[in-house]
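Notes follow the structure.
There are 4 protein chains.
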Amino acid sequence: MKKLIKGLRQFKAKYVSTHQELFEQLSQGQKPRVLFVTCSDSRVDPNLITQAELGELFVIRNAGNIIPPYGATNGGEGATIEYAVQALGIRQIIVCGHSHCGAMKGLLKLYSLRDEMPLVHDWLKYAEATRRLVKDHYSQYEGEELLEIMTAENVLTQIENLRTYPIVRSKLYQGQLNIYAWIYNIEKGEVFAFDPESHAYVLPQSQLKTDEIDETLLTEDLLNGNAIDNNISEKQTVVEQPQEFIFDADQRFPITRLSKDQMDRIYRGSRTN
Amino acid sequence: MKKLIKGLRQFKAKYVSTHQELFEQLSQGQKPRVLFVTCSDSRVDPNLITQAELGELFVIRNAGNIIPPYGATNGGEGATIEYAVQALGIRQIIVCGHSHCGAMKGLLKLYSLRDEMPLVHDWLKYAEATRRLVKDHYSQYEGEELLEIMTAENVLTQIENLRTYPIVRSKLYQGQLNIYAWIYNIEKGEVFAFDPESHAYVLPQSQLKTDEIDETLLTEDLLNGNAIDNNISEKQTVVEQPQEFIFDADQRFPITRLSKDQMDRIYRGSRTN
Amino acid sequence: MKKLIKGLRQFKAKYVSTHQELFEQLSQGQKPRVLFVTCSDSRVDPNLITQAELGELFVIRNAGNIIPPYGATNGGEGATIEYAVQALGIRQIIVCGHSHCGAMKGLLKLYSLRDEMPLVHDWLKYAEATRRLVKDHYSQYEGEELLEIMTAENVLTQIENLRTYPIVRSKLYQGQLNIYAWIYNIEKGEVFAFDPESHAYVLPQSQLKTDEIDETLLTEDLLNGNAIDNNISEKQTVVEQPQEFIFDADQRFPITRLSKDQMDRIYRGSRTN
Amino acid sequence: MKKLIKGLRQFKAKYVSTHQELFEQLSQGQKPRVLFVTCSDSRVDPNLITQAELGELFVIRNAGNIIPPYGATNGGEGATIEYAVQALGIRQIIVCGHSHCGAMKGLLKLYSLRDEMPLVHDWLKYAEATRRLVKDHYSQYEGEELLEIMTAENVLTQIENLRTYPIVRSKLYQGQLNIYAWIYNIEKGEVFAFDPESHAYVLPQSQLKTDEIDETLLTEDLLNGNAIDNNISEKQTVVEQPQEFIFDADQRFPITRLSKDQMDRIYRGSRTN
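Structure (structure tokens):
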């Protein structure tokens, strides 16, 4: 507690004093452009990993970055989504899972939670589609690999759930909303984004339209391999032909399914090799 | 989106590369010491305002930093609280509201939300005790002042709700859990903490035990008035006599009530004068 | 049934005929001063044990004297509390558990109820904070003792729940509502009241302010030991110094926690010695 | 409060001391024969009006003696009914409304409650069948008369609801449960019981089988007109031919409908003439 309180004072002394204009502006109201839904996990900090400033990200956080289907609960997720899209006019939603997720581990041993953590047990009901799908289709995996798959599939399950909200459905219908599936790798500090075309998690540049990708983005960080493992060859291929993977605003999120084949090659391959 | 993706790369290039040890350690697991419950508002960044590192704060965020009473919803809040306290062994919970809160504004015009944002309307039911209390006891206030009071009282309402969770009640009983009520002022970047003794929001130093308050904390930032308005005389008084306001770990959160009189003098006074 | 119908006639013939003025008055409306929440158990009769007349006690009775947190159910408890406090202006609420409570026994073997009595099982969810707390902190007890502790703690749990109701929170805030925790011992016909100062169940005189305690109350019944076991020495000590245990109307219900140590000495001690 | 505490001592000194055997027996367990569902109204005391002893009546009380249909709520009513019938083996249930009922008055002006007492408003949803039926079929009545009809019909509505509980349905099916509809007149201290044959509220003797009606019941209280108004001629007729109105255990509660015609003549007629 002492550390946090000291932090409050440091923040005030060093950050606030040097960003007077920003704070002045924030006091007028918020105009975030992105709703960022992620896990409560202490190792995930949306603002830090995206280097976003105060005022840019509207954030929902709960155990497992779960979004119950519309009408399934009367909890805060639905209300906050409604507020974000309707009252704030947000047009981009990122659902971001992460590696080593405790909720996903819980999903792997669901029954043992019933007595010990009944609320967690019940909450994971909204990731049951993930559990079922993984159980039915990934029976050959186990351990860390299974956990990775669970995590990757769960973000897609939650996007399916998200699409059931009236305001979301209406905005998607009008092409006024884009939804992105991300996975944050907590040990590498790296994000992968789901690419609906290839059904694979790839580097997030593929989320951009061609004209949004400037030289800087392509060259400095990526093409020079700066801070990126050299062995992610497939993903580099992706990046080199960005025009093929443009996510058109009119196209809405098409199929929330991992290509099992590509998953093996690309997402998981990139991390375990 | 482009900005965020650029941010991801900057984070990887500049932050991750210089914190290798931290990321190595985080990959082993999380051991956060604090559950931080706050609003989804884009202008609030828990890690930034407390200068907390990755791994320190387990975070719940929803519209209005609302915690429905135990059993009232099947949403994510209860499950996440249960996971934080039981699975992670967290012993400190901060419920943090903030100025200019959209959810609290909604509470002031609840009926107009019924048709336009039904999920938000229903969600605000769990802040009904706030609305009712403010309506009954602060009828002389309006506008910004009323909103401030609503925000301050709502944090206390949510702590009443938090106390109904089985794991919370059990840990409070043993003196193994402390709950703190904070308000973050988004235009000043400043936090006030509820002091159960004086029923007022004061500088958060009062949350510390005497032996946790070192010279640095008292003198550098506060007594020299560094980054603090000179006219907050009452709060300075508080800080100068910290021993009187020590919040004993054995004492648990006693009465969640604002002293209206003191609220006028201290919390609001400090901000509007 | 025959017995009851005979009773109806006796009541009419002997009671109604001799209380004409009371019945005349009752037909004008009710002005009860106390909301009495207790168990459905046939061995508990609120009016008899308090010798209250018709018109004095507004009564809620269900299995286990349980009060679900605000919003947790859409059952009758919340509505009846709202009506009592708001429409009738009641300012005193007694939550009264009792020894040998079947609902509390059910709580001790909760899982066995799941199939056999599913509604009871689900209902006891609102006493889960009691079950959890007792499981975590009283593992050394069993049998009758454990049941007594469960019962005593449950009344406090239910008061935590009661405090989440908007009208209750508002009235507590203004000091216009007092809440009392009672335990009725069905074999001795005796009531113990929770004393928030000492965290112990004591004789209910401690709930009164000094000026409400007249000679009669102290001497006739208590100091002469009339109808009281001689071996309840601790409780007599309490009563001999009533001024120390006065429950100030302004003070609201502070900490709903039993002092385990004092519980051993006073509440349970008084009954088992 | 002082009065109640004095009452506790009087009860202990005068009642407990003279009923030692009863209290000894009650400490062994409860064996109530009747589940008595009635209103929280302070003017209704089930044990007093039936002259029942401790241990005889298992009691549910809430605002309006309402029993939500099975599955409609997760409140205490269903659980308590289940416990009564299944765990305690109770085979007789009395649902008892009363004159001047505040909940029924609320039902007459339902919409005005929405804002002021939302929980009461929502709770009365389970008496909506009463409101609708009365609105559709008794439009010619108003004021006190309408309130009486509402009250009388509501007891029957609640019995319809009661019949939806699995354990109730099963026991009714086996002929192991009888349900009785009562109205308690608070100004006269008198009970009327619904007679399914005549669809009218009559003196409760009609609930008994022939062989349960002994001389005492017929002559002392009734035929001599002891404590009964002379002008209740219709009801006396009923009583003089009790064999016609026997409620056979095998017959279950048949139609919960007031004969509007007989209601005019008998129930209301008996009270207003």
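Protein chains in written order, with our numbering: chain A, 196 to 468; chain B, 196 to 468; chain C, 196 to 468; chain D, 196 to 468.
Just so it is clear, CB atoms sit at the ideal spot from N, CA and C, and this is done for glycine as well.
(request) Return yes when the Cβ of Ile261(B) is within less than 8 Å of the Cβ of Ala324(B), no when it is not. (result) No, these two residues do not count as a Cβ contact at 8 Å.
(request) Can you say whether Lys209(A) is buried or exposed, counting buried as having 16 or more other CB atoms within 10 angstroms of its CB? (result) When all chains shown are included, Lys209(A) counts as exposed.
(request) Would you mind telling me which residues of chain A sit closer than 8 Å to Pro227(B), beta carbon to beta carbon, in chain order? (result) Those are Ser237, listed as they occur along chain A.
(message) Please report whether the beta-carbon of Tyr368(B) lies at a distance below 8 Å from any beta-carbon of chain C.
(response) Interface residue, yes.
(request) Check Ile423(A) in the structure and name its three-state DSSP category. (result) Note that Ile423(A) scores a pLDDT of 32, beneath 50, so its modelled location is shaky; the value from the coordinates is reported in the next line. Three-state DSSP puts Ile423(A) in coil, outside helix and strand.
(request) Taking 8 Å as the cut-off, decide whether the C-beta atoms of Arg364(B) and Leu249(A) are in contact. (result) In this structure, Arg364(B) sits away from Leu249(A), with a CB-CB distance that is not shorter than 8 Å.
(request) Using a threshold of 8 Å, state whether the C-beta atoms of Pro399(D) and Leu203(C) are closer than that. (result) Cβ atoms of Pro399(D) and Leu203(C): closer than 8 Å.
(message) If you follow the alpha helix (DSSP H) that Asn269(D) is in, where does it begin and where does it stop?
(response) The continuous stretches of alpha helix (DSSP H) do not include Asn269(D), and DSSP gives it neither H nor E.
(request) Sort Leu367(D), Tyr396(D), Ala298(D) and Val329(D) by Cα distance to Leu314(D) and report the nearest one. (result) Residue nearest to Leu314(D) within the set Leu367(D), Tyr396(D), Ala298(D) and Val329(D) is Ala298(D) (criterion: CA-CA distance).
(request) Ignore the nearest five residues each way along the sequence and tell me which others in Leu412(D)'s own chain have a CB closer than 7 Å to its CB. (result) Because Leu412(D) carries a pLDDT of 48, less than 50, the predicted location of this residue cannot be relied on, and the following value inherits that uncertainty. Excluding sequence neighbours, Leu412(D) sits near Gln400.
(message) Let me confirm a value: Gly284(A) is counted as buried when at least 16 other C-beta atoms fall within 10 Å, else exposed. Which label applies?
(response) Only exposed fits Gly284(A), as fewer than 16 other CB atoms lie within 10 angstroms of its CB.
(request) Taking only beta-carbon positions, decide if Asp390(C) is within less than 8 Å of chain B. (result) No - not a single Cβ of chain B is within 8 Å of the one on Asp390(C).
(message) Quick check: Val329(D) and Val290(D), are their CB atoms within less than 8 Å of each other?
(response) Result no, Cβ atoms of Val329(D) and Val290(D) do not sit closer than 8 Å.
(request) Over the uninterrupted beta strand (DSSP E) stretch that includes Ile262(C), give me the two end residues. (result) Segment: none, Ile262(C) is in no beta strand (DSSP E) and carries neither H nor E.
(message) Once DSSP output is grouped into helix, strand and coil, what is the label at Val239(A)?
(response) Shown here, Val239(A) sits in coil according to DSSP, grouped into three states, outside any helix or strand.
(request) Assign Phe206(B) to one of three DSSP states: helix, strand, or coil. (result) Looking at Phe206(B) - three-state DSSP - the assignment turns out to be helix.
(request) Tell me whether Ala298(B) sits in a helix, a strand or coil according to DSSP, three-state version. (result) Correct three-state label for Ala298(B): helix.
(message) Using 8 Å as the threshold, is the C-beta distance between Met384(A) and Phe206(B) below it?
(response) It should be noted that the sequence gives Gly, not Met, for residue 384(A). Yes, these two residues count as a Cβ contact at 8 Å.
(request) Anything in chain C within Cβ reach of His332(B), meaning under 9 Å, just list it in chain order. (result) Within chain C, the residues near His332(B) are Ser365, Tyr368 and Gln369.
(request) Quick one: using the 10 Å Cβ neighbour count with 16 as the cut-off for buried, is Lys304(D) buried or exposed? (result) Lys304(D) is exposed by the Cβ-count criterion.
(request) Report the rounded CA-to-CA distance for Val229(B) versus Tyr278(B), giving the unit in angstroms. (result) Taking the Cα positions, Val229(B) is about 12 Å away from Tyr278(B).
(message) Can you find the residues in the same chain that come closer than 6 Å, C-beta to C-beta, to Gln371(C), ignoring five residues on each side of it along the sequence?
(response) Cβ-Cβ distances below 6 Å link Gln371(C) to Arg286 in the same chain, with the five nearest sequence neighbours on each side left out; the list follows chain order.
(request) Below 6 Å CB to CB, which residues in the same chain sit around Leu418(B) once its five sequence neighbours on both sides are set aside? (result) Because the pLDDT at Leu418(B) is just 38, under 50, the model does not fix this residue reliably, and the value given afterwards should be weighed accordingly. Excluding residues within five positions, none has a Cβ falling inside 6 Å.
(message) At the 8 Å Cβ level, is Tyr379(B) part of the contact set with chain C, yes or no?
(response) Taking 8 Å as the CB threshold, Tyr379(B) stays off the interface with chain C.
(message) Give me the chain C residues within the contact set of Ile362(B), using Cβ-Cβ distance strictly less than 7 Å, ordered along the chain.
(response) Residues of chain C with a Cβ closer than 7 Å to the Cβ of Ile362(B) are, in chain order, Arg327.
(request) Would you list, in sequence order, the uninterrupted alpha helix (DSSP H) runs of no fewer than 4 residues that lie entirely inside the segment 350-385 of chain B? (result) Complete alpha helix (DSSP H) runs here, min 4: 361-368.
(request) Assign Gly338(A) to one of three DSSP states: helix, strand, or coil. (result) Three-state DSSP puts Gly338(A) in a helix.
(message) Let's see if you can read the secondary structure: which residues bound the alpha helix (DSSP H) around Tyr306(C)?
(response) Element bounds for Tyr306(C): Leu305 to Glu311.
(message) Is the beta carbon of Ile288(A) closer than 8 Å to that of Val386(A)?
(response) Using a Cβ distance threshold of 8 Å, Val386(A) and Ile288(A) do not count as a contacting pair.
(message) So, with DSSP's three-state summary, where would you put Tyr278(D)?
(response) DSSP places Tyr278(D) in helix when its eight states are reduced to three.
(request) Consider the Cβ of Lys304(D): report whether some Cβ of chain C lies at a distance smaller than 8 Å. (result) No, Lys304(D) does not count as interfacial toward chain C.
(request) Specify, as a first and last residue, the run of the beta strand (DSSP E) that Thr213(D) falls within. (result) Counting along the chain, Thr213(D) falls outside any beta strand (DSSP E), and DSSP gives it neither H nor E.
(message) Which residues of the segment 248-268 of chain B have a Cβ closer than 7 Å to any Cβ of chain G? Give them in chain order.
(response) This model lacks chain G altogether; the protein chains it does include are A, B, C and D.
(message) Just to make sure I have the definition right: I need the residues of chain C whose C-beta is within less than 7 Å of the C-beta of Asp476(D). Which are they?
(response) One cannot answer for residue 476(D) here, as it falls past the ends of chain D, which runs 196 to 468.
(message) Counting only Cβ pairs nearer than 7 Å, list the residues of chain B close to Tyr321(C).
(response) The answer, in chain order, is Gly266.
(message) Distance check for Glu392(D) and Pro437(D), CA to CA, integer angstroms please.
(response) Here the model assigns Pro437(D) a pLDDT of 28, short of 50, so the residue's position is not dependable, and the following value carries that caveat. The straight-line gap from Cα to Cα measures roughly 12 Å.
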